[in-house]
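Step one of this worksheet: look at the structure below.
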């Protein structure tokens with residue numbers, strides 16, 4: 001493991017949780033528990049937000065970037081959303097239904113899926129190789145893959161993976177491989193190709209708290225070059241946060257956690273939980289957002 005140092009930071013308030021943070025072409029975008037969307041300069045966090053927009057539509061939960069022009073989506077416990085570009089964003093709700101929209105045309109729904117989950121939808125992601133394939137995770141313990149070109153909801157689902165635990169995050173690792181992270185910190189990988197006869201896990205890492213010696217896993221974030229994903233694991237009692245690379249085994253069979261080349265963020269956000277992270281590989285910098293109300297930049301010495 002090698003460590004990065006906190007090189008810059010910004011506080012959005014003592015009683016505020018910074019819930020999510022992502023990189024965009026115009027800077028860093030974050031959402032916070034005071035119901036604000038903020039745009040930050042990644043080179044000068046301490047200068048304060050470049051823009052700070054009140055959202056005024058329920059409790060924010062998730063932020064997603066959905067195009068190269070920095071249009072972004074906020075997910076709340078209602079079905080209302082806001083985009084900083086002014087375009088209507090694709091809608092996904094915390095309700096047990098999916099409601100994608102085509103941002104290139106009108107604000108009306110492109111499709112509405114009512115029966116795909118029996119409980120709250122917690123995550124959505126389009127396949128990086130085939131945008132017609134949509135991945136969803138839910139508190140009902142299921143991760144589903146849909147072909148959005150199919151009009152009949154009864155025939156929509158391509159694959160269902162039963163994680164048997166409420167889903168925290170679901171992410172594409174490749175065109176046919178999916179990682180699921182549950183709210184009880186278990187991680188498993190699934191092959192969702194059409195020839196798979198069932199949705200059983202092809203690789204189960206088990207409880208990541210035991211595997212990584214952590215107290216929680218904040219997120220699993222695919223790398224932009226398609227080489228794998230990064231797991232962000234934290235331990236409040238140690239005031240630490242670790243980024244662990246999930247990569248294909250050299251022999252081509254299965255995936256492995258590369259602990260030897262993990263990145264440590266000593267001090268992290270103190271005794272508070274890190275809620276989100278993002279990284280700029282080309283600049284060797286990591287950004288974290290925490291329940292202490294801070295956004296921090298981490299760089300090498």
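Numbering (full-length UniProt numbering), first residue to last: 1 to 301. Glycine included, each C-beta is placed from N, C-alpha and C at the ideal position. Treat the numbers as computed from the prediction; the structure is a model and nothing was measured.
- DSSP places residue 23 in the uninterrupted beta strand (DSSP E) bounded by 18 to 24.
- In the three-state scheme derived from DSSP, where H, G and I count as helix and E and B as strand, residue 283 is classed as helix.
- For residue 163, the three-state secondary structure derived from DSSP is coil.
- In the DSSP assignment, residue 212 falls within the alpha helix (DSSP H) that extends over 208 to 212.
- When 61, 32, 260, 123 are compared, the shortest CA-CA separation from residue 52 is found for 32.
- In this structure, the straight-line span from the alpha carbon of residue 18 to that of residue 198 is close to 38 Å.
- Apart from the 5 residues on each side of it in sequence, residue 153 sits with its Cβ closer than 8 Å to the Cβ of 113, 114, 115, 116 in its chain, given in chain order.
- For residue 4, same chain residues with a beta-carbon under 7 Å away, outside a window of 5 residues either side, are 263, 265, 286, 298, 299, 300 in chain order.
- Between residue 295 and residue 37, the CB-CB gap reaches or exceeds 8 Å.
- For the pair of segments examined, the region 212 to 219 was found not to touch the region 188 to 202: the number of CB pairs separated by less than 8 Å stays below three.
- The DSSP assignment places complete beta strand (DSSP E) segments of no fewer than 3 residues inside the region 22 to 63 at 27 to 32, 36 to 40, 51 to 54, in order along the chain.
- In this structure, the CA atom of residue 163 is about 15 Å from the CA atom of residue 177.
- As the crow flies, the alpha-carbon of residue 138 is around 32 Å from that of residue 267.
- Unbroken beta strand (DSSP E) runs of no fewer than 3 residues, entirely contained in the region 245 to 289, are found at 255 to 264, 274 to 280, following chain order.
- With respect to the 8 Å criterion, residue 187 and residue 23 are not classified as neighbours on the basis of their beta carbons.
- A distance below 8 Å separates the beta carbons of residue 50 and residue 39.
- DSSP places residue 200 outside both helix and strand once states are collapsed to three, so it counts as coil.
- Close CB contacts of residue 160 within its chain, under the 7 Å cut and outside five residues either way in sequence, are with 142, 144, 199 (chain order).
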